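One structure below.
In this note's numbering, the protein residues as written are 1 to 217.
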């Protein structure tokens, strides 16, 4: 969050610089700024999304760890870490995550989204959303593929012990049939959303930075 705050101040300074340029040499500096930010966001977000299309399951952990040199991947990794349900509780009333051990606030959802918007712009939020959707699809797909070969409750119990890195909630693991049903449902929903591209594209007025949502389905 501290890094994002610092970045947002720098991005605001860059934007003002482009505005000053247009006053001096009579070019549309703000439009140039929004165009550049749009292209950078698209290019950087497309790289991890393309990697997730591979069959290598290790790419999931590599992308959101310090091994990645991609900004979107690192940002998503940080967001997943501070909203991990094993260590944090989400309050729907306050749109806030709290640490289960200390009770302290770890992230305010609305404030964080606003902060990311100041850093990356609207197109950055859209690309982060696409990346997260692809990441979710890949994660559920890999887990479900593992469950295909589990036929008994004992096999399932052994699987849970051997795969401690899978972050299931405790009440999620009581019954194999329930887990398979839920995973099947989640996989179907996420796949449908990705196939139909339910997430929206953004139409940006490059001169003002204003935007509107355009559904692609």
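We put the CB at the ideal spot given by N, CA and C, even for glycine. All of these numbers come straight from a predicted model, not from anything done at the bench.
Confirm, please, whether the CB-CB distance from residue 7 to residue 123 is below 8 angstroms.
Looking up residue 123 in the chain shown gives position 123. Looking up residue 7 in the chain shown gives position 7. Contact annotation: residue 123 and residue 7 have beta-carbon atoms that are not nearer than 8 angstroms.
Looking at the structure shown, is residue 202 part of a helix, part of a strand, or coil, going by DSSP?
For the purposes of this step, residue 202 is taken as the residue at position 202 of the chain shown. In this prediction, residue 202 has a pLDDT of 37, which is less than 50 and means its spatial position is unreliable; what the coordinates show is noted afterwards. DSSP, reduced to helix, strand and coil, places residue 202 within a strand of the structure shown.
Between 70, 153 and 53, which has its C-alpha nearest residue 40's C-alpha?
Numbered from its first residue, the chain shown carries residue 40 at position 40. For residue 40, the closest of 70, 153 and 53 by C-alpha to C-alpha distance is 70.
Assess contact between the segment 127 to 147 and the segment 44 to 54, defined as three or more Cβ pairs (one per stretch) separated by less than 8 angstroms. Is contact present?
Yes: the two stretches touch, three or more of their Cβ pairs being nearer than 8 angstroms.
Can you grab the Cα-Cα spacing for the pair residue 103 / residue 88, in whole Å?
Locating residue 103 in the chain shown gives position 103, counting from the first residue. Locating residue 88 in the chain shown gives position 88, counting from the first residue. Going by the C-alpha atoms only, they are around 9 angstroms apart.
So is residue 75 buried or exposed if we call it buried at 16+ other beta carbons inside 10 Å?
One-based indexing of the chain shown puts residue 75 at position 75. Flag for residue 75 reads buried.
Using beta-carbon positions only, say whether residue 141 and residue 42 come within less than 8 angstroms of one another.
The sequence position of residue 141 within the chain shown is 141, counting from 1. The sequence position of residue 42 within the chain shown is 42, counting from 1. The criterion of a C-beta distance shorter than 8 angstroms is not satisfied by residue 141 and residue 42.
From 181, 97 and 93, pick the residue whose C-alpha is nearest to that of residue 81; which is it?
Looking up residue 81 in the chain shown gives position 81. The option with the nearest alpha carbon to residue 81 is 97.
Report the start-end ranges of each alpha helix (DSSP H) in the segment 58 to 127 that is 4 residues or longer and not cut off at the edges.
For the segment 58 to 127, the full-length alpha helix (DSSP H) segments reaching 4 residues or more read 58 to 63 and 71 to 82 along the chain.
Cβ of residue 18 within 8 angstroms of Cβ of residue 33?
Within the chain shown, the letter at position 18 stands for residue 18. Within the chain shown, the letter at position 33 stands for residue 33. Going by C-beta atoms, residue 18 is nearer than 8 angstroms to residue 33.
Would you mind stating whether residue 144 and residue 150 have Cβ atoms separated by less than 8 angstroms?
Sequence index remark: in the chain shown, residue 144 carries index 144 (1-based). Sequence index remark: in the chain shown, residue 150 carries index 150 (1-based). Result no, Cβ atoms of residue 144 and residue 150 do not sit closer than 8 angstroms.
Please say whether residue 4 and residue 119 have beta carbons closer to each other than 8 angstroms?
Translated into the one-based positions of the chain shown, residue 119 becomes position 119. Translated into the one-based positions of the chain shown, residue 4 becomes position 4. Cβ distance < 8 angstroms, so residue 119 and residue 4 count as in contact.
Cβ separation of residue 110 and residue 95, assumed to be a contact under 8 angstroms, to the nearest whole Å:
Locating residue 110 in the chain shown gives position 110, where the first residue counts as 1. Locating residue 95 in the chain shown gives position 95, where the first residue counts as 1. Going by Cβ atoms, the distance from residue 110 to residue 95 rounds to 5 angstroms, so yes, they are a contact pair.
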